[in-house]
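Residue numbers for the sequence shown follow the numbering used here, beginning at 173 and rising by one.
Inspection log for the structure reproduced underneath, given as structure tokens.
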Amino acid sequence: MKTIIILFFIAVLTLSCGEKKEKSESTKGDITKLFGTIKVDGSSTVFPITEAVAEEFRTVQPKVKVTIGVSGTGGGFKKFSRGETNISDASRPIRDKEKKACVENNINYIQLEVAYDGLAVLVNPKNDWVESFTIEELKKIWEPAAQQKIMRWNQIRPEWPDKEIHLFGPGVASGTYDYFTEAIVGKSGSSRGDFTASEDDHVLVQGIAGDKYSLGFFGLAYYAENKDKLTLIGVHNGEKVVKPTLETVSNGTYRPLSRPLFIYVNSISVRQTEVVEFVNFYLDNAGELSKDVGYIPLPKDNYTQQKENFKAFVERNK
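Below you can see the structure in the form of structure tokens.
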């Protein structure tokens, strides 16, 4: 009887070990399933790309939660410099004062280009008088000296209606606002203040779409989403009138309103495997996904270089 019992337990143990071994071998070749939360904040312009990447990433790493805020490039850098986020979306390079804040909080980072964007100048579809603007005309409308002075369409061109211009644009924390003012007015962050501002580009779309005498600007992708509600206006680049498209933005003819878009990753976050995997996934897929959401991909060699730069950054900060 004792012999039978002993043999029974040996059989049970053998089966148990066999099951564990089989389970182990069955998962050995599987991709490691990651856990954790990745916090992203910043530019509303970069948001559609990051959101598209995050959605695709969830299909391969469903247990990693990616949260994406849209407090504007400046607002995103404030959180990033305090160590509150892992990644910062940015539609302009980081500024000296933002770099200083990072240094003060021992935040090291890497800048990675992810796509190109063209800033869209837009009017209401009922506007039948504007076909294009010169840079000088846009400056006349948006410069600080225009506040409470350049108020009507016929002040830009006499043949245009004697009607009040209603202006819409991104808020002052937006990298899009910074870029537009630098390119058009000549100084980043310098513009008239009497316009309807919002960090939410959907609010700007609604404002322009609902007002015949409106004029505004924001990232090209939001126009692509709302073509039926808005009219895209060409800008004279000094040689000819050009509208922003994949071709004109990538070949530089839509100037001066074309720009690169970025993500910033801090050095502490790259100790988290899920962050490293997400950023690599981002760089592998940003080209295709940026086109899907209305942006212009970088050349393939650029993405390869970004991945090499990121790999070296990760190695330095393990």
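Even glycine gets a Cβ: it sits at the ideal position worked out from N, Cα and C.
Computed from a prediction, not measured in an experiment: that's the story for all the values here.
I need the straight-line Cα distance from residue i to residue j, nearest angstrom please.
{"i": "residue 410", "j": "residue 255", "result": "43 Å"}
{"i": "residue 388", "j": "residue 261", "result": "23 Å"}
{"i": "residue 313", "j": "residue 205", "result": "53 Å"}
{"i": "residue 372", "j": "residue 242", "result": "8 Å"}
{"i": "residue 220", "j": "residue 465", "result": "6 Å"}
{"i": "residue 325", "j": "residue 309", "result": "11 Å"}
{"i": "residue 461", "j": "residue 217", "result": "14 Å"}
{"i": "residue 450", "j": "residue 245", "result": "20 Å"}
{"i": "residue 253", "j": "residue 275", "result": "8 Å"}
{"i": "residue 333", "j": "residue 383", "result": "14 Å"}
{"i": "residue 238", "j": "residue 215", "result": "16 Å"}
{"i": "residue 365", "j": "residue 319", "result": "7 Å"}
{"i": "residue 356", "j": "residue 403", "result": "20 Å"}
{"i": "residue 207", "j": "residue 258", "result": "15 Å"}
{"i": "residue 392", "j": "residue 292", "result": "5 Å"}
{"i": "residue 209", "j": "residue 281", "result": "19 Å"}
{"i": "residue 340", "j": "residue 386", "result": "7 Å"}
{"i": "residue 478", "j": "residue 488", "result": "15 Å"}
{"i": "residue 231", "j": "residue 370", "result": "33 Å"}
{"i": "residue 273", "j": "residue 212", "result": "18 Å"}
{"i": "residue 247", "j": "residue 222", "result": "17 Å"}
Am I right that residue i and residue j are in contact with their C-beta atoms under 8 Å? What's the rounded C-beta distance?
{"i": "residue 287", "j": "residue 458", "result": "6 Å"}
{"i": "residue 442", "j": "residue 485", "result": "7 Å"}
{"i": "residue 471", "j": "residue 290", "result": "Actually they are not in contact, since the Cβ atoms of residue 471 and residue 290 sit about 17 Å apart, beyond 8 Å."}
{"i": "residue 368", "j": "residue 379", "result": "6 Å"}
{"i": "residue 432", "j": "residue 285", "result": "5 Å"}
{"i": "residue 414", "j": "residue 398", "result": "Contact doesn't hold; Cβ gap of about 21 Å is too wide."}
{"i": "residue 351", "j": "residue 263", "result": "6 Å"}
{"i": "residue 498", "j": "residue 363", "result": "Residue coverage of the chain in this structure runs from 173 to 490, which leaves residue 498 outside it and unanswerable."}
{"i": "residue 297", "j": "residue 283", "result": "About 38 Å; that fails the 8 Å criterion."}
Is residue i helix, strand or coil by DSSP?
{"i": "residue 489", "result": "coil"}
{"i": "residue 467", "result": "coil"}
{"i": "residue 345", "result": "coil"}
{"i": "residue 509", "result": "Residue 509 cannot be examined here, being either before or after the span of the chain that is shown, 173 to 490."}
{"i": "residue 431", "result": "strand"}
{"i": "residue 275", "result": "helix"}
{"i": "residue 340", "result": "strand"}
{"i": "residue 136", "result": "Beyond the ends of the chain as shown, which are 173 and 490, falls residue 136; an answer cannot be given."}
{"i": "residue 424", "result": "coil"}
{"i": "residue 438", "result": "strand"}
{"i": "residue 404", "result": "strand"}
{"i": "residue 334", "result": "coil"}
{"i": "residue 289", "result": "strand"}
{"i": "residue 415", "result": "coil"}
{"i": "residue 459", "result": "helix"}
{"i": "residue 257", "result": "coil"}
In the DSSP output, what is residue i paired with across the bridge?
{"i": "residue 283", "result": "436"}
{"i": "residue 387", "result": "295, 339"}
{"i": "residue 313", "result": "Residue 313 is not bridged to any residue."}
The region 300 to 312 contacting the region 455 to 471, beta-carbon criterion three pairs below 8 Å: With the cut-off at 8 Å, the region 300 to 312 and the region 455 to 471 do not touch.
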